[in-house]
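*Asks:* Sharing a structure with you now.
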Amino acid sequence: MKLRYYADAQLQEFHDRILDLLEKIYEMHGIPVEVERVEERFGPLSNFPGRVTATPVENVYERDIEQNQKLRSNLDRMPSRVYKIGTRFEIAGHVSLVDESVIWISTLRGDAYGHGPRAEEATPIDFLADVAESPSNRVCLECTHLLNGSETFCPNCGHELP
1 MKLRYYADAQ
11 LQEFHDRILD
21 LLEKIYEMHG
31 IPVEVERVEE
41 RFGPLSNFPG
51 RVTATPVENV
61 YERDIEQNQK
71 LRSNLDRMPS
81 RVYKIGTRFE
91 IAGHVSLVDE
101 SVIWISTLRG
111 DAYGHGPRAE
121 EATPIDFLAD
131 VAESPSNRVC
141 LECTHLLNGS
151 ETFCPNCGHE
161 LP
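Sequential numbering of the sequence shown, starting at 1, is according to the UniProt record's numbering.
Below, the structure written as structure tokens:
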């Protein structure tokens, strides 16, 4: 399991916060992190602890979203309505959870402020903050099943959560 950030977020404040949380997750929990730069807006990422690559946004959309049936079953909306508007791709600023392929990706950008009820389940910053606090708040580390934070065991594999 690893966490992938599709950089750079539209606002530098969100970009910096996401990078800080990814570094914290890597340092505190040893979870691999990586950055896929699809729209470079800000400076180089020289001290980032994970892999940093630049990939055309069209390739990322096709690889991680468009042809991913498992991801479609984990989202509450059609990926084409969230990440592609007409001919414009809207991937920069999102974060995904990757097992063998992407199994979850944020559907809202930034943090929950201003998005409405239950938005923290869909934003990259709130997701990463939960994982930084304790990975089992959002993910079963045994099988990478998504959690809502209230479980005492994983409903997918039965693993008891701390």
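Where is the CB? At the ideal position from N, CA and C, for every residue including glycine. Treat the numbers as computed from the prediction; the structure is a model and nothing was measured.
Taking the C-alpha atoms as reference points, what is the distance between residue 42 and residue 14?
*Replies:* Indexing the sequence shown from 1 puts residue 42 at position 42. Indexing the sequence shown from 1 puts residue 14 at position 14. Their Cα atoms are separated by approximately 12 Å.
*Asks:* For the beta strand (DSSP E) that residue 33 lies in, which residues bound it at each end?
*Replies:* As a position in the sequence shown, residue 33 is number 33, starting the count at 1. Looking at the DSSP string, the run of the beta strand (DSSP E) that includes residue 33 is 33–37.
*Asks:* To the nearest angstrom, how far is it from the Cα of residue 79 to the Cα of residue 106?
*Replies:* Within the sequence shown, the letter at position 79 stands for residue 79. Within the sequence shown, the letter at position 106 stands for residue 106. Each residue's alpha carbon lies about 11 Å from the other.
*Asks:* Report the CB separation of residue 152 from residue 160 in whole angstroms; it is logged as a contact under 8 Å.
*Replies:* The residue you call residue 152 lines up with position 152 of the sequence shown. The residue you call residue 160 lines up with position 160 of the sequence shown. Right, the Cβ-Cβ distance comes to about 7 Å (below 8 Å), so this counts as a contact.
*Asks:* Looking at the structure shown, is residue 153 part of a helix, part of a strand, or coil, going by DSSP?
*Replies:* On the sequence shown, position 153 is the one that residue 153 refers to. Residue state, collapsed to three classes: strand.
*Asks:* Under three-state DSSP, which class holds residue 85?
*Replies:* Here residue 85 is taken as the residue at index 85 of the sequence shown, counted from 1. In this structure, residue 85 counts as strand in the three-state DSSP scheme.
*Asks:* Can you tell me whether residue 93 is buried or exposed? The criterion is at least 16 other CB atoms within 10 Å of its CB, across all chains shown.
*Replies:* Translated into the one-based positions of the sequence shown, residue 93 becomes position 93. That one is buried.
*Asks:* Taking the CB atoms as reference points, tell me whether residue 40 and residue 53 lie closer together than 7 Å.
*Replies:* Working through the sequence shown from its first residue, we reach residue 40 at position 40. Working through the sequence shown from its first residue, we reach residue 53 at position 53. Cβ atoms of residue 40 and residue 53: not closer than 7 Å.
*Asks:* Round the Cβ separation of residue 33 and residue 91 to the nearest angstrom and send it over; I've been treating them as touching at under 8 Å.
*Replies:* The count along the sequence shown starts at 1 and reaches residue 33 at position 33. The count along the sequence shown starts at 1 and reaches residue 91 at position 91. So it is not a contact: roughly 17 Å between Cβ atoms.
*Asks:* Going by Cα to Cα distance, which pick from 6, 16, 138 is closest to residue 95?
*Replies:* Taking the sequence shown and counting its residues from 1, the one referred to as residue 95 is at position 95. The residue with the shortest Cα to Cα distance from residue 95 is 6.
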